[in-house]
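> Quick one: the structure is below, and I'll ask about it shortly.
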Amino acid sequence: MTDPLDHWARLAGSAVLLDGFHALKHALRFGAEVPVAVTADRAATLALAAELAPDVREALAALLTEVPAQTYASLVPRPHPTAVAALAVRPSRAANLRELARVPRTAPVVVLDEPRNLGNAGAVIRLAAGFGATGVITTGTLDPWHPTVVRGGAGLHFATAVERLTLPELPEGPLYALDPEGEDIRGLKLPDDAILAFGSERTGLSAGLRARADHLLRLPMRPQVSSYNLATSVAMTLYHWSAL
Ligand SMILES: C[S@@+](CC[C@H](N)C(=O)[O-])C[C@H]1O[C@@H](n2cnc3c(N)ncnc32)[C@H](O)[C@@H]1O
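In my numbering, each residue's number is its place in the sequence shown (first place is 1) plus 92.
As structure tokens, then:
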């Protein structure tokens with residue numbers, strides 16, 4: 093049998109770090125390939141699974157290796173309170189691109205136009221997974237598979253298609269860009285094949301994205317408030333899509 097720490101060392105450069113029990117639980121639920129998982133307390137982790145996620149308890153029991161707490165801590169940037177970590181195989185870009193391009197689309201694609209904040213990107217991926225969105229595309233320099241984004245996404249990168257693309261590579265579909273100067277979203281039904289685009293935290297929508305947009309939409313906001321947080325805006329828009 094392969095030593096789990098050797099296995100970890102071999103995969104660490106290319107695999108996706110699942111940091112904490114919930115990230116591992118979600119990844120398993122949504123079909124991630126997880127070659128190696130460690131815990132500093134196997135009994136406690138399996139008890140947590142029995143309580144919170146009995147559907148993955150058996151898979152965890154087969155996968156988890158107990159390691160000393162110090163060894164666990166040496167494998168992660170910041171120890172998680174659940175003292176669980178795993179490595180997952182990143183889904184292929186080709187498969188994600190196929191998923192994003194598939195028509196007819198039954199749920200929107202979310203585009204983050206040049207986002208800056210890794211935590212926001214993770215929160216948006218978690219939202220997209222929760223609402224069953226087709227995927228999340230980022231433009232610009234932020235890597236949506238950065239470990240901090242994966243941590244913020246609670247392992248839900250495996251529940252939706254996550255890729256970085258350029259504007260000309262965006263999938264087909266009516267492009268609705270969210271902007272405080274747009275038309276009130278409340279009068280509008282968002283179609284299932286919508287591309288929902290959101291601007292960066294600092295500068296909003298880029299000129300290129302604005303030029304491509306079919307509609308500019310605003311979320312209701314009282315005068316004198318300049319804008320909402322990016323992830324909060326995505327939450328309201330996906331909720332609006334789901335509710336009508
Ligand atoms: C923090 S805001 C960007 C603020 C930026 N200073 C600006 O000039 O737009 C990030 C993104 O959230 C979305 N957003 C925030 N508040 C919004 C609102 N009231 N209506 C529509 N979109 C909004 C937009 O897509 C915006 O680009």
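Ideal placement from N, C-alpha and C gives every residue a C-beta, glycine not left out.
Since we're looking at a predicted model, the values are computed, not measured.
#1: Does at least one heavy atom of ligand 1 sit under 7 Å from the Cβ of PHE290?
#2: Give every residue of the same chain whose Cβ lies closer than 7 Å to the Cβ of THR258, excluding the five residues on either side of it in the sequence, and list them in chain order.
#3: Does DSSP put ALA129 in a helix, in a strand, or in coil?
#4: Under 8 Å, do ALA101 and LEU110 count as touching if we go by C-beta distance?
#5: Can we count ASP271 as close to ligand 1, meaning its CB is less than 7 Å from some heavy atom?
#6: When you compare each of SER184, GLY245, LEU116, LEU97 to ARG147 by their alpha carbons, which one comes out closest?
#7: Whole angstroms is fine: what's the gap from SER106's alpha carbon to VAL128's?
#8: Does GLY244 come out as helix, strand or coil in the three-state DSSP assignment?
#9: Using the beta-carbon count (16 or more within 10 Å), is SER325 buried or exposed?
#10: DSSP three-state call for PHE122: helix, strand or coil?
#11: Return yes when the C-beta of TYR320 is under 7 Å from any heavy atom of ligand 1, and no when it is not.
#12: Determine the extent of the beta strand (DSSP E) in which THR157 is found, giving its start and end residues.
#13: Helix, strand or coil for THR324? Go by DSSP, reduced to three states.
#14: Tell me where the beta strand (DSSP E) around PRO272 begins and ends.
#15: Flag SER325 as yes when its Cβ comes closer than 7 Å to any non-hydrogen atom of ligand 1, and as no otherwise.
Short version:
#1: Flag set: Cβ of PHE290 near ligand 1.
#2: Counting only Cβ-Cβ distances below 7 Å, and skipping sequence neighbours, we find THR231.
#3: In this structure, ALA129 counts as strand in the three-state DSSP scheme.
#4: No Cβ-Cβ contact shorter than 8 Å links ALA101 with LEU110.
#5: The answer is yes for ASP271.
#6: Note on residue identity: the sequence assigns Asp, not Arg, to residue 147. Considering only alpha carbons, the answer is LEU116.
#7: Inter-residue distance for SER106 and VAL128 is about 13 Å (C-alpha atoms, whole angstroms).
#8: Helix, per DSSP.
#9: The residue in question, SER325, is buried, as its Cβ has 16 or more Cβ neighbours within 10 Å.
#10: PHE122 falls in the coil class under three-state DSSP.
#11: Checking the Cβ of TYR320 against ligand 1 gives yes.
#12: Membership of THR157 in the beta strand (DSSP E) is indicated by the continuous run 156-158.
#13: DSSP places THR324 in helix when its eight states are reduced to three.
#14: Looking at the DSSP string, the run of the beta strand (DSSP E) that includes PRO272 is 267-276.
#15: True, at least one ligand heavy atom lies under 7 Å from that Cβ.
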